Amino acid sequence: MKLWEYIVYRIILAIVVIFFVITIVFFVSHVIPSNPAALWAGAHPTPEQIEKAREQLHLDEPVIVQFYYYLSGLLHGDLGVSIRTHNPVSEDIASAFTATLELIIVAEIFAVIIGILLGVYSAVKKNTWLDNVSRLFAISGVSLPAFWFGMILQLLFFKQLGWLPLSGRVDTIVILEHPLHIITGLYIFDALITGNWPVFQNAIWHIILPAATLAMYPVGLITRQVRSMMIEVLQENYVRTARAYGIPDKMIYFKYALKNAVAPALIVVGLSLAYTLVGAFLVEIIFNWPGLGRYATYAILSMDYPAIIGVVIVAATAYVFINLAVDIIQMYLDPRIRV
Amino acid sequence: MKKDEIIRVLKILVRNKLSLLGIIIILVLLITAIFAPWLAPYPEQAEGEPNLGEKLLPPSSKHWFGTDYMGRDVLSRVIYGARISLLVAVSVVALGLIIGVPLGLLAGYKGGVIDAVIMRTTDVFLSFPPLLLALLISVTLGRGLENAIIALGVSWWPWYTRLIRGMAVSLKEKPYVEVAKSMGISNWKIIGRHILPNAISPVIVQGTMDMGSAILEASALSFLGLGVQPPTADWGLMVSQGKDYLLNYWWYPTFPGLAIFITVIAFNLVGDTLREILDPRLRRRFL
């Protein structure tokens, strides 16, 4: 299969998957017995109010017609209105999405730094205790229940040591005293470019624990990947030559060898992005992080179907496209996979 | 896989310190699950009987892991939780195999349109975040252990279909299959007698290695309230219930979570070594 054929196939597949997801989520949410009209009308609704709500939500039409309305709304970026918050779901999700995005970006930065360092040293000291410890650490990373590990970090760094805040994205008092001018929705970035240091510092303080929790899984992946690539590269002739010339080890490892190990490591970062997106759901609940996961949990608890459908569609679309991008880059870099 | 090959693999597993550790932990877990009623100090509390006189006590010689918000012994409940976890692990993988293996055999042996349809369907399933799919299915089917198992199994099968299809494609070219075909033996018999037995072992190995991930994902569903329901002793559910007591009663969520972690790590330690021995290309699944 040629590269462009593969790309076309994958894009068509992505569209099919997303359509499939939308269809399933929509019909699933209409199978579950519930009374959205009553929820919509608020507390103690009169029969007339419910009737009006039914009309507004097109609940009198056959399911297929409702599906048509939903799809045509979706094409205009309309995900319906949340039953719980009465805001358009797309607005709710947009603000939650940036919070989740910020968390994921910081987690991946942690993961890349720690993963590369551990991977390089593990390869250099292959089959020593350091390698074994790093292997154990990497396997722990992919074995940890994220929701539990977050709690353990809270116990340690908040309760015992008192170094870091328990939860939340930024302290309300700080944001009230130093209002943040929102540009991208990523607090750390916005505070940095507007020079709002108190918020910048406070936001970093808050993100450390949830990001570290979320980073554990990708750290494991990256460490293992960098290790196996480095072991291969270190046996190459040019590394031996560099050594013979007396070039310092650190420079050989991090400047020459790592360069060749970095591309596959980046692919793992891409693969793990999709995982962290879903992992963030659990981590956000523990750290009360106002992102997609927490929004979804509240939506599930209050049977807020437009919101549940919206989150699932947005998360699945992001997941599908991240995977698509990673696979295409991987194909491009490594023609052996093109079968 | 032949008998001497199994022995060779077992020898490597036992010689490697980390995978030996994994094997020992899994064996201990298995024994714990089987003998739970005899090992648990308070079996009736593990089954859900409240003991309101001893609420939220810290670990002591009477209650090694402390007690929960209903005064129940956390150690006993963690011991009983091993049963649910192993049950989930085995059932999820088994369900994945039951759906995935026949489809993979059919796709690989028949080829053509059937192959294309089955493999494109696996593509669709694999592009969907597994936990989200499981979440959706559990929301639809309702809460509970059986539904969580179905939800996870359904998001699991495409991996096995892909694996066994690859095996079937290469096996159907083998001379003994050609001979069987020319003798007019029916396709079903050929698949059952010649393809399946030769293709199944890597899939079984993969399934065993997947049990850790199955436990991890099931615990996430339980944590979200979509898996096992109270008063059953389940690790994920206990962590979820203990969440609100974390800061003042640390033992309550800590021990059940530790049990999940140790179990999953044991399966992954064995799996990581197995993968290195058997097929480095499989690594992407784990990592």
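Line by line, the protein sequences give chains A and B.
Positions 2 to 340 (the numbering used here) are the ones given, in order, by the first sequence.
Positions -6 to 280 (the numbering used here) are the ones given, in order, by the second sequence.
For every residue, glycine included, the Cβ atom is placed at its ideal position computed from N, Cα and C.
Note that the coordinates shown come from a computational prediction; the quantities given were computed from them, not determined experimentally.
Residue pairing by DSSP puts A/Val82 in a beta bridge opposite A/Pro89.
Listed along chain B are Phe254, each with a C-beta nearer than 7 Å to that of A/Leu145. For the segment 137 to 163 of chain A, the beta-carbon criterion of a distance under 9 Å to any beta-carbon of chain B is satisfied by Leu137, Ala139, Ile140, Ser141, Val143, Ser144, Leu145, Pro146, Ala147, Phe148, Trp149, Phe150, Met152, Ile153, Gln155, Leu156, Phe159, Lys160. Where A/Thr173 is concerned, the enclosing alpha helix (DSSP H) starts and stops at 173 to 178. Chain-ordered, the chain A residues with CB closer than 7 Å to the CB of B/Trp243 read Leu156. Not a single C-beta of chain A is nearer than 9 Å to the C-beta of B/Phe28. Taking the CA atoms as reference points, B/Thr247 sits about 14 Å from B/Leu50.
Distance from the Cα of A/Glu285 is smallest, within the candidate group A/Gly169, A/Leu131, A/Val143, for A/Gly169. Not flagged as an interface residue toward chain B: A/Asn197, since no C-beta distance is shorter than 9 Å. Interface with chain B (9 Å Cβ-Cβ cutoff): A/Phe282 is included. Of the residues B/Val21, B/Leu219, B/Val67, B/Ile208, the one whose Cα lies closest to the Cα of A/Pro146 is B/Ile208. Between the alpha carbons of B/Ile193 and B/Ser175 lies a gap of roughly 24 Å. One Cα belongs to B/Gly200, the other to B/Ile72, and the distance between them is close to 24 Å. Between B/Leu11 and B/Asp265, the C-beta gap is smaller than 9 Å, which places the two residues in contact. Less than 9 Å separates the beta-carbon of B/Ile253 from that of B/Val232.
With fewer than 16 other Cβ atoms inside 10 Å of its own Cβ, B/Phe28 counts as exposed. Residue burial is scored here from C-beta neighbours: B/Val85 has at least 16 other C-beta atoms within 10 angstroms and is therefore classed as buried.
If you keep only unbroken alpha helix (DSSP H) runs of at least 4 residues inside the segment 119 to 148 of chain B, you get 123 to 134, 138 to 147. Judged by beta-carbon spacing, A/Ile223 lies within the 9 Å limit of A/Val269, meaning their Cβ atoms are closer than that value. The continuous alpha helix (DSSP H) containing A/Leu302 extends over residues 293 to 302. The criterion of a C-beta distance shorter than 9 Å is not satisfied by B/Leu251 and A/Lys160. A/Asn261 is not a Cβ neighbour of A/Val279, given a cutoff of 9 Å. With a beta-carbon spacing of about 4 Å, A/Gly120 and A/Arg228 fall inside the 8 Å limit used to define contacts. From the beta-carbon of B/Thr247, the residues of chain A found nearer than 9 Å are Trp149, Met152, Ile153, Leu156. With a contact defined as Cβ atoms closer than 8 Å, B/Tyr102 and B/Ile17 miss out at about 40 Å. Using a Cβ-Cβ cut-off of 7 Å, A/Val17 is close to Val117 of chain B, given in chain order. Within chain A, the C-beta atoms nearer than 7 Å to that of B/Ser212 come from Pro146, in chain order. For A/Trp290, no alpha helix (DSSP H) encloses it, and the DSSP letter there is neither H nor E. Chain A places a beta carbon closer than 9 Å to that of B/Ile258, counting this residue as a contact. A straight line joining the alpha-carbon of A/Pro265 with that of A/Ile117 spans about 11 Å. Using a CB distance cut-off of 9 Å, B/Ser84 does not count as an interface residue toward chain A. As computed with DSSP, B/Asp66 is found in a beta bridge with B/Thr60.
Look at B/Glu40 here: in three-state DSSP terms it is coil, with no helix or strand label. In summary, A/Met252 is exposed, with fewer than 16 beta-carbon neighbours lying within 10 Å of its beta-carbon over all protein chains present.
Counting along the chain, B/Tyr153 sits inside the alpha helix (DSSP H) bounded by residues 150 to 164.
For B/Asp265, the neighbours in chain A by C-beta distance under 7 Å run, in chain order, Ile140.
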